[in-house]
Amino acid sequence: MTSSPSRVPLIAGNWKMFKTTGETRDFLATLHTSLSGFPNANQLPQIALFPPFTALSTAMQVVDELGASQQIRIGAQNMESRENGAFTGEVSARMLTDLSVPLILVGHSERRQYYSETDESVNQKTQAALRHNLTPVVCVGETLEQRESGQTDEVIKTQVITAVQGLAPTDFPLIVLAYEPVWAIGTGKVCEADEANRVCALIRQTLNTQANADNTRVLYGGSVKPDNIEELMKKPDIDGALVGGASLDPASFYQLIEKTAQTVHATVPA
119 MTSSPSRVPL
129 IAGNWKMFKT
139 TGETRDFLAT
149 LHTSLSGFPN
159 ANQLPQIALF
169 PPFTALSTAM
179 QVVDELGASQ
189 QIRIGAQNME
199 SRENGAFTGE
209 VSARMLTDLS
219 VPLILVGHSE
229 RRQYYSETDE
239 SVNQKTQAAL
249 RHNLTPVVCV
259 GETLEQRESG
269 QTDEVIKTQV
279 ITAVQGLAPT
289 DFPLIVLAYE
299 PVWAIGTGKV
309 CEADEANRVC
319 ALIRQTLNTQ
329 ANADNTRVLY
339 GGSVKPDNIE
349 ELMKKPDIDG
359 ALVGGASLDP
369 ASFYQLIEKT
379 AQTVHATVPA
């Protein structure tokens, strides 16, 4: 991995609709114990977890109790772009800021597929997140049908440009992009590392048409597991991973973190 030194690798776990508050406590305690045994803590990637809303406060409390709030950052999986109002079941950026939540997942493919989120609503949420000093992790990716019809690059460019519309140049280092090919999420199908790197590079190139994105991190997400993370993290335009199923088990998630640290450290130029 030969990315910009300022693009610190990030391993982020999206728990989706899994884990109770008790399971969250157990997971974080186990993960913290594993991290404490890593010989060079300064070589670890940044770590983020996106628990369900019901476990957000618990997760924030536990990492604080463990003294790990700088090591393990907690984020929310979704939010409403508007400040407040009669929107039953929704949560605003202001509410998340009140909990001191630092991260927000925006535009995950499941939100787009099941809840009709659009490129425009993703942009509105991204802007709202930045207004409230939340770091948005903005997801983009093509469906199997779009890939098979040769539309991958067109779809990615459109999603990226729309997502960052209206952002100031100073916002670009504050956001994170995640390439998650829809056909590779939870299917066991993995986008080949070279192709994942190509699309991540395309995302950065597209961002650079709007403002300087050399320091903007681009993650890969889609059936990321301990047995493929090393190959992915060797690629110059992949700055980390957005992980689903493999983030639900603390041992598996720690393996991702450990292998990322070892791979990145081994490939840093002398």
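Every number in my numbering is 118 more than the matching position in the sequence shown, counting from 1.
C-beta: ideal position from N, C-alpha, C; glycine also.
None of these values were measured; they are calculated from a predicted model.
Asked	Found
Which two residues bound the contiguous beta strand (DSSP E) that contains Gln164?	164 to 168
Can you check whether the C-beta of Leu350 is within less than 8 Å of a C-beta belonging to chain D?	No chain D appears in the structure shown, which is made up of a single protein chain.
In chain order, what residues of the same chain lie with their CB nearer than 6 Å to the CB of Ala130, ignoring the 5 residues before and after it?	Ala166, Leu360
Which runs of the beta strand (DSSP E), 3 residues or longer, sit entirely within the region 186 to 269?	190 to 194, 221 to 224, 253 to 258
On a Cα-Cα basis, can you pick out the residue from Gln195, Gln161, Ile190 that is closest to Pro169?	Gln195
Thinking just about the alpha-carbon of each residue, which of Arg229, Val224, Glu201 is nearest to the one in Asp216?	Glu201
Going by the DSSP bridge assignment, what does Leu360 pair with across the sheet?	Ala130
Specify the secondary structure class of Ala329 as computed by DSSP and reduced to three states.	coil
What residues are listed by DSSP as bridge partners for Leu295?	Val256, Val336
Taking a contact to mean a Cβ-Cβ separation below 8 Å, would you say Val224 touches Phe171 in this structure?	no
Go ahead and label Thr288 buried or exposed: buried means 16 or more other beta carbons lie within 10 angstroms of its beta carbon, across all protein chains shown.	exposed
Where do the N-terminal and C-terminal ends of the alpha helix (DSSP H) with Leu350 fall, by residue?	347 to 351
Between the C-alpha atoms of Thr138 and Ala173, what's the straight-line distance to the nearest angstrom?	6 Å
What is the DSSP secondary structure of Phe136, reduced to helix, strand or coil?	coil
Residues in its own chain within less than 6 Å of Gln277 by CB, not counting five upstream and five downstream?	Asp237, Val258
Specify, as a first and last residue, the run of the alpha helix (DSSP H) that Asp182 falls within.	171 to 183
Give the secondary structure of Cys318 by DSSP, where H, G and I count as helix, E and B as strand, and everything else as coil.	helix
Rounding to the nearest angstrom, what Cα-Cα distance links Ser175 and Leu214 in this structure?	10 Å
By the three-class DSSP mapping on this structure, what secondary structure does Leu153 have?	helix
Measuring alpha carbon to alpha carbon, tell me which residue in Asn326, Ala364, Asp332, Gln231 is nearest Gly339.	Ala364
Thr270 to Glu235, Cα distance in whole Å?	19 Å
Should Ile222 and Ala204 be called a contact, given that it needs their Cβ atoms to be closer than 8 Å?	no
Closer than 8 Å by C-beta to Gly304: which residues in its own chain qualify, once you throw out the five before and the five after it? Chain order, please.	Ser341, Gly362, Gly363
Out of Lys352, Glu266, Tyr233, state which residue places its alpha-carbon closest to the alpha-carbon of Ala384.	Lys352
Only counting the same chain, and skipping five residues up and downstream in sequence, which positions put a Cβ closer than 6 Å to that of Leu184?	His150
Just to confirm before moving on: does the CB-CB distance between Arg265 and Trp301 stay below 8 Å?	yes
Among residues of its own chain, excluding the 5 on either side of Asn315, which ones have a beta-carbon nearer than 6 Å to its beta-carbon?	Lys353, Asp355, Ile356
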